[in-house]
Amino acid sequence: MSVVTESARIGENVRVVDLEPLTVNSRKAAQLLDISPRKLQDLTAPRGPIKSVKIGRVHSYPVEHLRRYLRDLAAKTA
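Under the numbering used here, the first residue of the sequence shown carries the number 2, and numbering increases by one thereafter.
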């Protein structure tokens, strides 16, 4: 995802910054964790430790929650 950080007129240089998404959909979350979408459903709160947020009709996964889950999992297996 790119965001223009300054207003631009024709002929002006524009600075573009790449931003990391704050949330990802369930397919991308499962892919990031290298698990199946069904396993992600099992791990999603209230049954499991991963929290999702509902934006409109879609459940999204905050990237920070996915990172926290991996940190906690690594700490348990260390």
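Where is the CB? At the ideal position from N, CA and C, for every residue including glycine.
Nothing here was measured: the structure is a model prediction, and the numbers come from that model.
Query: Helix, strand or coil: how does DSSP classify Lys-52 here?; Result: coil
Query: Report buried or exposed for Leu-41, applying the criterion of at least 16 other Cβ atoms within 10 angstroms of its Cβ.; Result: buried
Query: Does the Cβ of Ser-37 have 16 or more other Cβ atoms within 10 Å, making it buried, or fewer, making it exposed?; Result: exposed
Query: Near Leu-23, which residues of its chain fall below 7 Å by C-beta distance, leaving aside the five closest residues on each side in sequence?; Result: Pro-63 and Val-64
Query: Rounded to a whole number of angstroms, what is the C-alpha to C-alpha distance between Val-59 and Asp-73?; Result: 26 Å
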